[in-house]
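Inspection log for the structure reproduced underneath, given as structure tokens.
Protein chains: 2
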Amino acid sequence: MANIQDVAKAAGVSTASVTRYLAGQRIRSEEAVRRAIEELGYRPSLVARSLKSGRHQSIGVIVPDISNPFFAALVKGIEREVRPHGLQVILGNSDEDAEREEALVRELAQRTDGLIMAPLSENDEIPDLLAQAGHPLVFVDRETSSGPDVDRVLVDNTAGIRQAVDHLVGLGHTRIATISGRVDSTPGRMRHEAFLAAMAGHGIDVDPTLVRRGDFREESGRLHMADLWRLPQRPTAVVVANNLMTAGALVALGALGVRVPDELSVVGFDDLPLATLLDPPLTVVSRPDVEEGAAAARLLVERLHADEHVPTAHVTLPVELLVRGSTGPVPKGSPA
Amino acid sequence: MANIQDVAKAAGVSTASVTRYLAGQRIRSEEAVRRAIEELGYRPSLVARSLKSGRHQSIGVIVPDISNPFFAALVKGIEREVRPHGLQVILGNSDEDAEREEALVRELAQRTDGLIMAPLSENDEIPDLLAQAGHPLVFVDRETSSGPDVDRVLVDNTAGIRQAVDHLVGLGHTRIATISGRVDSTPGRMRHEAFLAAMAGHGIDVDPTLVRRGDFREESGRLHMADLWRLPQRPTAVVVANNLMTAGALVALGALGVRVPDELSVVGFDDLPLATLLDPPLTVVSRPDVEEGAAAARLLVERLHADEHVPTAHVTLPVELLVRGSTGPVPKGSPA
DNA sequence: GTGAAAGCGCTAACAG
DNA sequence: CTGTTAGCGCTTTCAC
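From first to last, the protein sequence lines are chains A and B.
In terms of our numbering, the first sequence opens at residue -13 and continues consecutively.
In terms of our numbering, the second sequence opens at residue -13 and continues consecutively.
Structure, rendered in structure tokens:
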């Protein structure tokens, strides 16, 4: 691979002139340099540029699970927002693994100008280190609890769960179960607490056996749903804290031959691509996923372009309950 | 951020000794260096290392659409395979955009040790340039037609489509439609040609109005399906060339109130996460997606570790027709 | 406008 | 085993 010295030599100028040409400045031997670059197939080394300038013209995005359609949509929103600014998006997938997440943070912090991340756990410390080091950081969907104040974009998890519970209670349900996500993560904790609060708000005592702690993965939805159905006193409705666990719960229910919503009402959090085509169509708490990513990207870009200090921003986006076919009245003969 | 000089100074040694310590070699002042690193919070600059060594300890993966579950699974397989080798995976999403793909290739080629990519089009030239420059490259799912011979991992698209057509013909269908993917891409072209060949193999003349060219996106599945249903002579079955377009086709059919498989049989290519929970469960050509990624990763890692020339490998993985509920006999009264 | 030269942070060859 | 030094490829003073 040709370097800037080769080009300078071929064009009969100094490397400084080549740099100037590259930067779009006017130089006398423009044509010669252009030809030399062309003939040698020269491409400036991004690594050398980064070392020299400390900038990378790219941002990093770290998500816990890229195969979750929600995070895929988030990434879409980020890319859409960031592209016009000439920044590359480099994606890291921690695969729900704390060690891998840490490695990615360290790697991308050094190779990008800023980071958008959904940390695995609120106890994560790495992001705080980054922020302290002055590396631009925006939390999206999740945040950490300790450390400095950081830009973040969340959705109104509490309102979403409350709407779901209100809807079920309105249909006459009282034995409502929940399958929570990781309670050490922001959405897991908030949705879990919101469920308990909403039930209390309706004056309903929650049977502890109906409160299950999952981990956001499909398998945990499957297992907990099967468990719930094995209970002597079954629930008449269930609120599942994310899309993947909802999918798992539906698989379990399908295998058990449970009729939804006749025997059990199901509400998921986060829409699924084919939610309307399921049998029955799934009632879910839906949120503006692409927009969530875009909002986070806007905060980061703003911070990258700012000369002076930018105050920390906290954005909360609204959610919406989409009532479809998977929720219905309490089955007859159930203990009301 | 502290650099190696700061550490050397603090420990009272030369930078060379710090480097040696970092590389795990035995040095006399080990303890002093350890403490200096600890106290200064020193982290070696990856960028400087890359510039010096020309290696990056990471690989790049470029896919056309990360929100397609197939590519998400592919990435999973790659990460699983590559992690034990201490390599980071950096993901690029071209979002079906040729310009963006080119930018990603150029960027990642300079910042990674090797690339796994599913090129948008068989006419793409960038990958060839890379390969000529000696940058390790593996094609997965798709390849380019010109340029040097490159490692690749594909699936047996032809056999998959043939099985789908055989299955439908076995059920008595002859008016079989297809919605193809981008025919300038490997899987698009192969599945398209395989469809025509399989039909010819059964001695069936294909009505040209039943052959639609989509672009692998959901919307194109929706549009083409709606178009097909508007035809005076409707098909009795349809083979859709990928998962997203199948989802779109199902949405269109749902909106039109078409009963599957009573009025129309549907076969998709690529399984969908919830395919078994759809109404009816979807018949698909399924393939080992995670394994496809892993196979590509193995080829790349092998090439990265090899001292000498490694002959090019071409891997083709088998596919499997999963017959579920969306295919059935020809509707009565249809022109056989 | 232009070129010489220093330096971003690291590693490796070399001499001790 | 250790330190000195050159150099990866680029940008940016600085003096002309």
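Even for Gly, the Cβ is constructed at its ideal location relative to N, Cα and C.
Assignment of beta strand (DSSP E) within the stretch 123 to 187 of chain A, counting only whole runs of 3 or more residues, yields 123 to 126, 137 to 141 and 162 to 166 in chain order. Taking a Cβ-Cβ cut-off of 9 Å, I23(B) has no neighbours in chain A, whose nearest Cβ is about 14 Å from it. With respect to G279(B), R6(B) sits apart: the two C-beta atoms are not nearer than 9 Å.
Distance from the CA atom of P218(B) to the CA atom of T195(B), rounded to whole angstroms, is 10 Å.
Residues I45, G100, I102, P122 and V124 of the same chain have their beta carbon placed closer than 7 Å to that of L286(B), with the five preceding and five following residues left out of the count. Of all alpha-carbon atoms in T1(A), G243(A), T302(A) and F181(A), the one lying nearest the alpha-carbon of V253(A) is that of F181(A). Shown here for R138(B): same chain residues with a beta carbon closer than 6 Å to its own, the five before and five after excluded, namely F125, E129 and H300 in chain order.
DSSP, reduced to helix, strand and coil, places I64(A) within a helical segment of the structure shown. As a beta-bridge residue in DSSP terms, S44(A) pairs with Q74(A).
A distance below 7 Å between beta-carbons, with the five flanking residues on each side excluded, links R177(A) to the following residues of its chain, in chain order: N143, I147, S166, G167, A227 and F255. A117(A): member of the alpha helix (DSSP H) spanning I112 to Q118, first to last residue.
Closest in C-alpha terms to Q96(A), from the list T313(B), S3(B) and M(-13)(B), comes M(-13)(B). Residues of chain A with a Cβ closer than 8 Å to the Cβ of G240(B) are, in chain order, T262 and L263. With contacts defined by Cβ atoms closer than 9 Å, E111(A) and S171(A) do not form a contacting pair. In the pairwise beta carbon analysis, the stretch -7 to 5 of chain B is classified as not touching the stretch 34 to 53 of chain B: fewer than three pairs are separated by under 8 Å. Of all alpha-carbon atoms in A282(B), G314(B), V296(B) and G200(B), the one lying nearest the alpha-carbon of P267(B) is that of G314(B). I48(A) is positioned such that its CB atom lies no closer than 9 Å to that of E17(A). When only Cα atoms are considered, S132(B) and P50(B) end up about 20 Å apart.
For A89(A), the residues of chain B that pass the 8 Å Cβ criterion are Q74, in the order they occur in the chain. Check the Cα spacing between S206(A) and each of V192(A), G187(A) and N229(A): the tightest is with N229(A). A straight-line Cα-Cα distance of about 24 Å links R14(B) and R35(B). For the stretch 31 to 42 of chain A, the set of positions with a beta-carbon nearer than 7 Å to some beta-carbon of chain B reads S31, L32, V33, A34, S36 and L37 in chain order. Around L157(B), the same chain offers A223, S251, T313, G314, P315 and V316 as residues with beta carbons nearer than 8 Å, after the five sequence neighbours per side are excluded. Minimum Cα-Cα distance from H210(A) among the listed residues H188(A), A238(A) and V192(A) corresponds to A238(A).
In this chain, the beta strand (DSSP E) harbouring R198(A) covers V197 to R199.
For H300(A), the pairing in a beta bridge is given by DSSP as R138(A). Chain order gives the chain A residues near K62(B) as S53, where near means a beta carbon separation below 7 Å. In this structure, the straight-line span from the alpha carbon of R161(A) to that of A261(A) is close to 24 Å. Taking 9 Å as the cut-off, the beta carbon of H153(B) is found no closer than this to the beta carbon of L264(B).
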